[in-house]
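**Student:** I'd like to ask some things about the structure below.
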């Protein structure tokens, strides 16, 4: 792989940028792999990258039914933060945050990670009590955070309606300055390119249709392009986890729901941070292109339709118009839905299973994007050692039987 | 927006009037104390989550305030039937047939 740098940019400018190397290969699947990763989204590609980089396992294939990063990686609202309440979750997301901070250099690919800060608004006294509790917990875990009053919120985000007679009065907010956004596609592409350079085969347009076992243990995957043998199979296929589990007769504590988002027409810069409000199910930031990126909540019912309900998006846009009266006349360009696998405790499952050689990384619910590098990092460790990474120990599937749930509904809420 | 037939009201109403309450036909264990952790965990947390036909519980929150069941396709969102609690579905899911 040729490294990207200002010099390579200059060199290729001389030949009108017509001679750039392909970003990754498009290989034919080998007969046997040490690890087959099912799902070529951000988490799957990150898992492959860290398997190769940190554990020296390079005989790895990422099998993707569509194209790389074309599922929920391309559908989220790109917010990255780590202000979770409980120690287990906070440590996991903070691990991801630290990886984010060096990711562009590590991958030699600009993931456009922008630490523009995230505000989580409080609209009533209970919101503010919860915010204080969460910020205190964050600081005890070494995660940056402040509790702001309404005047301080207004100073950071003048666009926000902080007046006394607002429909949703802003009493204050939690503020994580290190949080921000990253370019979601670039994250998938960066991990894909770096993993490919380390020898990982990225196999697109190949759908896993079955998981083959030999004497109980996993021995490979059936695909629409034939059988691929593997010593270990790792499933990282958000929105399809339950279907994959069903192939080996496993049941997961997941329910899949549509989650939707929309973007506006591009406008001049008006908001340079991320504003989230759990209470009104809405959050907004502005992309570098100028689109307002707006996220809504999940539909209450199970669904695999990759589209959201009208009343869901209406509810969110009504709230956004109240919070930011200036954007009322901005038109929305696109709205879409992604399928998120939610768990009963709003925390992910990163786990071995009762089938030897089969691993699952799923259940990130509405907020998996922010954890992409951390998720891949701890999952790669779990696969390589056949033993959970210390940060992933609390997130095994056993917790739904032992009762050690990590209730993050407050910090995960609806808003991501 | 889903158009849901309430078997109590005997009318089609808009989705806004209802609340989704998850998978239907979950039977509460007769003797919870006798269950193992695995069985209790399965009862509390593990759900079918099928891609296709799904039996689910709905609540007519702003209507008659009664519970009923719906058989719905989770891919097309088509509602096949509504039926009262205690009745059995006419349209079977893959799990029913397995």
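Protein chains in written order, with the numbering used here: chain F, 1 to 416; chain G, 1 to 98. For every residue, glycine included, the Cβ atom is placed at its ideal position computed from N, Cα and C.
Can you list, in chain order, the residues of its chain with a C-beta nearer than 8 Å to that of residue 269 of chain F? Leave out the 5 residues immediately preceding and following it.
**Tutor:** The answer, listed in chain order, is 286, 290.
**Student:** Along the segment 302–330 of chain F, where does the CB come closer than 7 Å to a CB of chain G? Name the residues.
**Tutor:** Those would be 302, 303, 304, 305, 309, 310, 311, in chain order.
**Student:** Given residue 132 of chain F, which residues of its chain have a CB within under 8 Å of its CB, disregarding the five upstream and five downstream residues?
**Tutor:** 147, listed in sequence order.
**Student:** Buried or exposed for residue 10 of chain F, going by 16 or more other Cβ atoms inside 10 Å?
**Tutor:** It is exposed - the Cβ of residue 10 of chain F has fewer than 16 other Cβ atoms within 10 Å.
**Student:** Could you pull the start and end residues of the beta strand (DSSP E) that residue 16 of chain F belongs to?
**Tutor:** Careful: residue 16 of chain F lies outside any beta strand (DSSP E) and carries neither H nor E.
**Student:** So is residue 254 of chain F in contact with chain G if we call contact Cβ pairs under 8 Å?
**Tutor:** Yes, residue 254 of chain F counts as interfacial toward chain G.
**Student:** From residue 197 of chain F to residue 45 of chain F, what distance separates their C-alpha atoms?
**Tutor:** Cα to Cα, residue 197 of chain F sits roughly 12 Å from residue 45 of chain F.
**Student:** Contact between the segment 96–113 of chain F and the segment 398–412 of chain F is defined here as three or more beta-carbon pairs at a separation below 8 Å; is this criterion met?
**Tutor:** Contact fails: fewer than three Cβ-Cβ distances are below 8 Å.
**Student:** Okay, do the segment 38–58 of chain F and the segment 263–280 of chain F touch, 3+ Cβ pairs below 8 Å being the bar?
**Tutor:** These segments do not touch.
**Student:** Check whether the segment 341–356 of chain F and the segment 28–35 of chain F touch, using three or more Cβ-Cβ pairs below 8 Å as the test.
**Tutor:** Result no; under three Cβ-Cβ pairs closer than 8 Å.
**Student:** Any chance the segment 72–86 of chain F sits against the segment 171–182 of chain F, with 3 or more Cβ pairs inside 8 Å?
**Tutor:** Because the criterion of three Cβ pairs below 8 Å is met, the segment 72–86 of chain F and the segment 171–182 of chain F touch.
**Student:** So with CB distances below 7 Å, who are the chain G contacts of residue 251 of chain F?
**Tutor:** Within 7 Å Cβ-Cβ: 46.
**Student:** Could you tell me which chain G residues have their CB closer than 7 Å to the CB of residue 242 of chain F, listed as they occur along the chain?
**Tutor:** The contacting residues are 49.
**Student:** Using a Cβ-Cβ cutoff of 7 Å, what residues of the segment 22–46 of chain G are near chain F? List them in chain order.
**Tutor:** Answer in chain order: 37, 38, 41, 45, 46.
**Student:** Is the shortest distance between the beta-carbon of residue 348 of chain F and the beta-carbons of chain G less than 8 Å?
**Tutor:** It does not: the Cβ of residue 348 of chain F has no partner Cβ on chain G nearer than 8 Å.
**Student:** Quick one: is residue 67 of chain F buried, meaning 16 or more other Cβ sit within 10 Å of its Cβ, or exposed?
**Tutor:** Exposed, because fewer than 16 other Cβ atoms sit within 10 Å of the Cβ of residue 67 of chain F.
**Student:** Alpha carbon to alpha carbon, what distance is there between residue 347 of chain F and residue 244 of chain F?
**Tutor:** Each residue's Cα considered, the two are about 19 Å apart.
**Student:** Within the 8 Å Cβ cut-off, does residue 401 of chain F reach chain G?
**Tutor:** At least one chain G Cβ lies under 8 Å of residue 401 of chain F.
**Student:** Return yes when the Cβ of residue 56 of chain G is within less than 8 Å of the Cβ of residue 20 of chain G, no when it is not.
**Tutor:** Result yes, Cβ atoms of residue 20 of chain G and residue 56 of chain G sit closer than 8 Å.
**Student:** Could you tell me the alpha carbon to alpha carbon distance between residue 399 of chain F and residue 363 of chain F, rounded to whole angstroms?
**Tutor:** Each residue's alpha carbon lies about 13 Å from the other.
**Student:** Find the nearest neighbour of residue 175 of chain F within the set F/204, F/276, F/193, judged by alpha-carbon distance.
**Tutor:** Ranking F/204, F/276, F/193 by Cα distance to residue 175 of chain F puts F/276 first.
**Student:** Under 6 Å Cβ to Cβ from residue 248 of chain F, same chain only, skipping five residues before and after it: list those, please.
**Tutor:** Cβ within range, chain order: 211, 355.
**Student:** Spell out whether any CB of chain F is found under 8 Å from the CB atom of residue 77 of chain G.
**Tutor:** Taking Cβ atoms only, chain F reaches closer than 8 Å to residue 77 of chain G, which makes this a yes.
**Student:** Can you confirm whether the segment 153–162 of chain F touches the segment 57–76 of chain F when touching is taken to mean that 3 or more C-beta pairs between the two stretches lie within less than 8 Å?
**Tutor:** The segment 57–76 of chain F vs the segment 153–162 of chain F: no contact.
**Student:** Using only CA atoms, which one of G/87, G/30, G/75, G/70 lies nearest to residue 81 of chain G?
**Tutor:** The option with the nearest alpha carbon to residue 81 of chain G is G/70.
**Student:** Just by C-beta distance, which residues in the segment 341–373 of chain F are closer than 7 Å to chain G?
**Tutor:** Taking 7 Å as the Cβ-Cβ cut-off against chain G, the residues of the segment 341–373 of chain F that qualify are 344.
**Student:** With 8 Å set as the bound, which would you pick, yes or no: does the beta-carbon of residue 174 of chain F sit closer than that to a beta-carbon of chain G?
**Tutor:** So no, residue 174 of chain F is outside the interface.
**Student:** Does DSSP put residue 112 of chain F in a helix, a strand or coil?
**Tutor:** Coil, per DSSP.
**Student:** Hey, how far is the Cα of residue 150 of chain F from the Cα of residue 319 of chain F?
**Tutor:** Distance between the alpha carbons of residue 150 of chain F and residue 319 of chain F is about 18 Å.
**Student:** If we define contact as Cβ-Cβ less than 8 Å, is residue 434 of chain F a contact residue for chain G?
**Tutor:** Only positions 1 to 416 of chain F appear in the structure, and residue 434 of chain F is not among them; the question remains open.
**Student:** For residue 260 of chain F, I'd like the list of residues in its chain whose CB is within less than 7 Å of its CB, leaving aside the five on either flank, ordered along the chain.
**Tutor:** Excluding positions up to five away in sequence, the list reads 296, 308, 312, 313, 335, 336, 337.
**Student:** Which bits of chain F does residue 60 of chain G rub up against, with CB to CB less than 9 Å?
**Tutor:** Under the 9 Å cutoff, chain F gives no residues; its nearest Cβ is about 14 Å from residue 60 of chain G.
**Student:** Can you tell me whether DSSP reads residue 87 of chain G as helix, strand or coil?
**Tutor:** Of the three classes helix, strand and coil, the one that applies to residue 87 of chain G here is coil, per DSSP.
**Student:** How about residue 55 of chain F and residue 392 of chain F: are their beta carbons less than 8 Å apart?
**Tutor:** No; because the gap between Cβ atoms is not below 8 Å, this pair is not in contact.
**Student:** Below 7 Å CB to CB, which residues in the same chain sit around residue 90 of chain G once its five sequence neighbours on both sides are set aside?
**Tutor:** Cβ neighbours of residue 90 of chain G beyond the five flanking positions: 81.
**Student:** Measuring only between beta-carbons, confirm whether residue 83 of chain G sits less than 8 Å from chain F.
**Tutor:** Chain F contact via Cβ: absent.
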